Amino acid sequence: MNDIHFFSRNGYLPVPKILQLEITTVCPLKCPQCYKSLNPKHIQMNTLTNILNEAKNAGVKSIMLNGGEPAVHPDFIKIVKMISQEYGMNAYCFLSGYNMTEKYANELNSDGVFVTFSLNGSCEEVNGLSRDGFQYSINALQLFNKLHIPCGINWVARKDNVFDFPELVQLAKRLQVKWINIIRNKIVNDSIQADLQTDEYEYLAKLIKEYRNEIEIRIEGCNSILTYFIGDRAGDLFNGCQAGRIAMFADIDGDFMPCSHLYYKEKAESLLDYWNHSEALKRLRESNKVEKCEGCIKAKNCYFCKAGAKETHDNFFAPYEECAYKNFVQQKWVENK
Numbered sequence: 001m002n003d004i005h006f007f008s009r010n011g012y013l014p015v016p017k018i019l020q021l022e023i024t025t026v027c028p029l030k031c032p033q034c035y036k037s038l039n040p041k042h043i044q045m046n047t048l049t050n051i052l053n054e055a056k057n058a059g060v061k062s063i064m065l066n067g068g069e070p071a072v073h074p075d076f077i078k079i080v081k082m083i084s085q086e087y088g089m090n091a092y093c094f095l096s097g098y099n100m101t102e103k104y105a106n107e108l109n110s111d112g113v114f115v116t117f118s119l120n121g122s123c124e125e126v127n128g129l130s131r132d133g134f135q136y137s138i139n140a141l142q143l144f145n146k147l148h149i150p151c152g153i154n155w156v157a158r159k160d161n162v163f164d165f166p167e168l169v170q171l172a173k174r175l176q177v178k179w180i181n182i183i184r185n186k187i188v189n190d191s192i193q194a195d196l197q198t199d200e201y202e203y204l205a206k207l208i209k210e211y212r213n214e215i216e217i218r219i220e221g222c223n224s225i226l227t228y229f230i231g232d233r234a235g236d237l238f239n240g241c242q243a244g245r246i247a248m249f250a251d252i253d254g255d256f257m258p259c260s261h262l263y264y265k266e267k268a269e270s271l272l273d274y275w276n277h278s279e280a281l282k283r284l285r286e287s288n289k290v291e292k293c294e295g296c297i298k299a300k301n302c303y304f305c306k307a308g309a310k311e312t313h314d315n316f317f318a319p320y321e322e323c324a325y326k327n328f329v330q331q332k333w334v335e336n337k
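Those letters in the sequence shown? Residues 1 to 337, per full-length UniProt numbering, in order.
Here is the structure:
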């Protein structure tokens, strides 16, 4: 049975294709939207090597380096080269720009290495509402532009920055940024901050359709609600939350979770043991088979981000009551009645 057939029948792949890997919890920044705990620690190289060996043998294709700030790990460049050159997997580096030098940048300019810098606004004022380190990101983007090294921007879509998106796109174009990742806003300290409402989703969807011919705009997999507003991927088998379906997370201690935002830590004998026998993944997959949001045309095949609200994080079977698209559909139904 091939992977697509297996996925169609079971709702998840026989092995994960994406592994989020936390290599440090250390970060020099203090971002208002940060969801990480303050327990500074780096992954040990023997733990890292064991995880990478298991990932490669299992058939994982891409490693997403997570933090903290990955670049502060003393062996950061070595880790990136291990993944891309020794193991032959894609290395996705999500960075703040902190500690970025010309030497580091050139080391990262390699096949199979993809670098994205976090930036939530085109100016210090907007970015500072949710992120720290604006100048680090700008300096890094300018450096990569000067060196002609491709890179992208990670932008979390929020109520307090959505109307700055046109300026962010223009900034990205000036700095020769190759792509913008639009990330789903997620819970911090048990609540969601500055979440988009229906009219803001509609506004952003309109802009994306206007700008996508000028710069590559990527929508994070778990940002299914935004794809509904855009009108994209209506029948895409892989649309929506990827946790337990396509991807999983390993932390600095070698423990596992469905993703970095779903706090259900489990120990397992191996990566595949977790993938096949995790209680959290079992509940998550079972919940994906249940139509949860009555009255929404997308409900049957909607895999919304469970970390988008506390109630859905704590209970995978709970409906997403604050879903902007569900509210949009209900509003249109009333208007057309």
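Just so you know, even glycine gets a beta-carbon here, dropped at the ideal spot from N, CA and C.
All of these numbers come straight from a predicted model, not from anything done at the bench.
DSSP beta-bridge partners for residue i?
i	result
Trp-179	Gly-152, Glu-216
residue 352	The requested residue 352 is not part of the displayed model; the chain covers only 1 to 337.
Gln-142	Its beta-bridge partners do not exist; DSSP assigns none.
Leu-19	Ile-63, Met-248
Thr-24	His-42
Counting C-beta neighbours from all protein chains within 10 Å, is the total for residue i 16 or more, i.e. buried, or is it exposed?
i	result
Ser-137	buried
Gln-135	exposed
Arg-158	buried
Leu-65	buried
Thr-25	buried
Lys-30	exposed
His-5	exposed
Thr-312	buried
Glu-54	buried
Leu-262	buried
Leu-147	exposed
Val-177	buried
Lys-298	buried
Glu-22	buried
Gly-231	exposed
Asn-276	exposed
Asn-239	buried
Asn-223	buried
Pro-319	buried
Asp-251	buried
residue 353	Given a span of 1 to 337 for the chain in the structure shown, any question on residue 353 remains unanswerable.
Please work out which residues of its chain come closer than 6 Å, Cβ to Cβ, to residue i, disregarding the five sequence neighbours upstream and downstream, and give them in chain order.
i	result
Asn-278	Note on identity: in this sequence residue 278 is Ser, with Asn being the wrong assignment. Once the five neighbours on either side are set aside, the close Cβ partners of Ser-278 are Glu-266.
Tyr-325	Ile-225, Tyr-228
Cys-259	Ala-243, Phe-249
Leu-272	Ala-58
Lys-17	Lys-61, Ile-246
Arg-218	Trp-179, Asn-181
Thr-47	Gly-254
Return the CA-CA distance between residue i and residue j, expressed in angstroms with no decimal places.
i	j	result
Pro-28	Pro-150	25 Å
Val-169	Ala-205	14 Å
Tyr-264	Ala-280	7 Å
Lys-186	Ala-309	7 Å
Asn-99	Ile-192	30 Å
Tyr-104	Cys-293	47 Å
His-42	Asn-327	43 Å
residue 348	Met-89	For residue 348 there is no data in the structure shown, the boundaries of the chain being 1 and 337.
Ser-110	Lys-78	13 Å
residue 339	Thr-198	The requested residue 339 is not part of the displayed model; the chain covers only 1 to 337.
residue 380	Ser-122	Residue 380 lies beyond the range of the chain shown here (1 to 337); nothing can be said about it.
Gln-20	Val-329	34 Å
Gly-133	Asn-127	9 Å
Phe-304	Asp-75	36 Å
Asn-10	Asp-3	10 Å
Excluding five sequence neighbours on each side, which residues of the same chain lie with their C-beta closer than 8 Å to the C-beta of residue i?
i	result
Leu-95	Glu-69, Pro-70, Ala-71, Val-115, Thr-116, Phe-117, Ser-118, Ala-140
Near residue i, which residues of its chain fall below 7 Å by C-beta distance, leaving aside the five closest residues on each side in sequence?
i	result
Phe-316	Arg-283, Leu-284, Ser-287, Lys-306
Lys-173	Glu-214, Ile-215
Glu-200	Lys-159, Val-162
Val-156	Gln-33, Asn-120, Ser-130, Ile-183, Asn-185
Asn-145	Leu-175, Gln-176
Item to complete: Could I get the ranges of all uninterrupted beta strand (DSSP E) runs contained in the stretch 223-282, with 3 residues as the minimum, in chain order?
Response: 247-250
Fill in: alpha helix (DSSP H) segments (min. 4 residues) lying fully within the stretch 51-95
76-81
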